[in-house]
Every structure is written in structure tokens, then in C-alpha cells.
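Residue numbers (full-length UniProt numbering): 1 to 338.
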């Protein structure tokens, strides 16, 4: 130990050994810190990128949300089947409305008459007071015979009634099987009684009653020139003289729509105003209107409401006549249930 340097002490590392170890550790620490710095740098870049995208997406979502809220306020949230049908049919509906308005304007401007109606016989023939059409069916022969034996004249009496200005006819269409026994029986009965108005263009059926009204008024006005056209159900008995008196009191009146008008809550809430189908009366110009516009007039499930709809918008004079109410206890009625 005597030869050792004076600064050496037992248990302590040599100065040269400590210096080499520290240098190695310093180099190793320096090499490992470089990747950490790069990793932290790229992590920051990635975070900034992701944050930017999230912010941009949030702005886009906000913009889209505002647009949807704006659009939802301008149109229905749920598009129903009726809405789709309305969109699909709006153009056709507009066209039909324009055509209907043109037809009504033409009819009004010409007194519901586009051409002179061809009347049978001499053109100077006296104008009739009324044509009365009594609805009937193929299976109603017994009922017709009851009418012929009570209030309805037959044979020469029917002709004399026409000289007074009143025409009465049973109104019936044709069988769905044209020319079958139903049609042949009616033709045979008509040859014997001569009291039918046969609607060759109409198919006789209960569900076709609204269309029958169009055929009746159109055919009647083409065959007879009268002031009034009267429709009567097949289960109605008439006070014929009372009906003639009622029609005489209205002679010279145009635009008459007369009958037992349905009114009150039913009309206000569900139906437009219309006359009961048991007995109703139209003046000549309305029968002409139906004849001219027959192809475009819409029909509903019931005849009386169909006729009532045809009278809307053409300045009809509605006459609620209690004597035309065939049911009930109205005095001096011109009709009753048979």
C-alpha cells in the first residue's frame, strides 16, 4: 500500500473507472431520448389532425341539422298515401277543373242549350207542362198493374192526359244480357200498353240508379218539350191532380229544383242540400243541362245526392215543398208510399 498514490482510499472506485461508466450512460440516454421526441412530435400532429376532423364533422352535422329543421318546417313530416295521390293527380285534376268550368260557362251562356233539341212531330206542337217518369224494374210488373188500375191512366185516358200537357211513362233500362227474356217481356208489355220510356243505353240494376237519372232526364228532354221533368220512385202513389196543380202554380219559372229537401244536421255535417229521391222536379233548363253535360257529371252511391251535386254552382232555385214529402203526415201531399 505504500506504493499507492496519495489520493487512493480503500473501498472507492478508481477515478478512471467512474469517468468511463458515466460517459457510456450519457451516450445511451442521448440515443434513447431522440425517438421519444419524434414520437411525441408525431403524436401531437396526429392529435391536431383528429381534433380538426372532429371539429369539421361537428360543423357539417350542425349545418345539416339546420337544413333538415328548415325543410321539415316547410313540408309535412309524414307523406301520406293521400298526399302522394294528390301530387300525382294534381295536373289531371287541374285540367278537369278547367274543362268543367268551360262547360259550365258555355251552358250558362246559352241557357244550358248548345243546339236546338229535336222534337218529334210538328215543331209548332203545344209545349207540355210535365213529363213524369215512374221508375220501374224487370220484376215489378204486378206493381205497374196496380198503378194502372189506380192513379195512372191507361189507353185513351193516357192520350187525353197528354192533350192536357202531361206525359207519364214507366222508365226502365235494358238487361245486362241484351235481348234476353227480360228485354223481350218489357218490349211485349210496351206494345200492349204503350206507357214505357225504355232507356236503350242504360243497364238496369239497383247499383246503377244514379246513372239512370242521367239517362232519364236526357232521353225525356230529347223526346218531349216540357216545362218540368218529374222523377217518381216505383213505390210511390201519386195524387195526380194535386201534382198537376202544384206544377201549374210553378209554370213559367226557370231554374227550379223542387222536392222534399233534406236539411238540418245531416246536410250541414255530411251532405250538401238535395231533394229526396222519392219525388223530385227539375225545370227544363236543368234537364237540358244534364243532357248536355251527361258525360262529365259525376255520380255518387245514391241517386238523390248525385242529382243534388249536379245542381251545385248553376244558380238553382231550391224549393222545399212539403207536399212532395211522400212519407210523414203532411197534409195535402201529392204523393204517398204505396
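Just so you know, even glycine gets a beta-carbon here, dropped at the ideal spot from N, CA and C.
For clarity, every value in this text was computed on a predicted model and none was experimentally measured.
Length of the line joining the Cα atoms of residue i and residue j
i: residue 164; j: residue 312; result: 33 Å
i: residue 186; j: residue 308; result: 30 Å
i: residue 355; j: residue 158; result: The structure shown does not extend to residue 355, since the chain spans only 1 to 338, so no value can be given for it.
i: residue 135; j: residue 304; result: 14 Å
i: residue 327; j: residue 274; result: 16 Å
i: residue 148; j: residue 319; result: 30 Å
i: residue 184; j: residue 160; result: 28 Å
i: residue 114; j: residue 193; result: With a pLDDT of only 43 at residue 114, under 50, the local geometry of the prediction cannot be trusted, and no value is derived from it.
i: residue 262; j: residue 237; result: 21 Å
i: residue 287; j: residue 181; result: 32 Å
i: residue 195; j: residue 169; result: 5 Å
i: residue 337; j: residue 295; result: 33 Å
i: residue 300; j: residue 142; result: 30 Å
i: residue 317; j: residue 65; result: 58 Å
i: residue 246; j: residue 276; result: 17 Å
i: residue 218; j: residue 297; result: 12 Å
i: residue 235; j: residue 129; result: 24 Å
i: residue 339; j: residue 43; result: No answer is possible for residue 339: it lies beyond the span of the chain, which begins at 1 and ends at 338.
i: residue 140; j: residue 176; result: 17 Å
i: residue 151; j: residue 178; result: 32 Å
DSSP bridge partner residues for residue i (one or two, in chain order)
i: residue 317; result: 256
i: residue 135; result: 171
i: residue 337; result: 236
i: residue 295; result: Answer is none; residue 295 lacks a bridge partner.
i: residue 129; result: In the DSSP output, where bridge partners are listed per residue, residue 129 has none listed.
Chain-order list of residues whose beta-carbon lies under 6 Å from that of residue i (same chain, five-residue window excluded)
i: residue 216; result: 133, 171
i: residue 231; result: 133, 280
i: residue 119; result: Residue placement at residue 119 cannot be trusted, given a pLDDT of 45 that sits under 50; the coordinates are not used to answer.
i: residue 314; result: none
i: residue 202; result: 173, 212, 215
i: residue 131; result: 167, 220, 224, 226, 229
Cutoff 8 Å; reference residue i; Cβ partners in own chain excluding five residues on either side
i: residue 126; result: 165
Chain D within 7 Å of residue i, Cβ atoms only
i: residue 294; result: The displayed structure is made up of one protein chain only, and chain D is not part of it.
Contacting residues, own chain, Cβ-Cβ under 7 Å from residue i (five flanking each side not counted)
i: residue 334; result: 238, 239, 242, 243, 246, 323, 324
In chain order, each beta strand (DSSP E) run of at least 3 residues that lies wholly inside the stretch 201-285
226-232, 236-238, 256-262, 274-283
Runs of alpha helix (DSSP H) wholly within the stretch 137-199 (minimum 4 residues, chain order)
141-148, 155-163, 181-193
Within 8 Å, do at least three Cβ pairs link the stretch 204-216 to the stretch 243-261?
no
Stretch pair the stretch 212-231 + the stretch 285-298: three plus CB contacts closer than 8 Å:
yes
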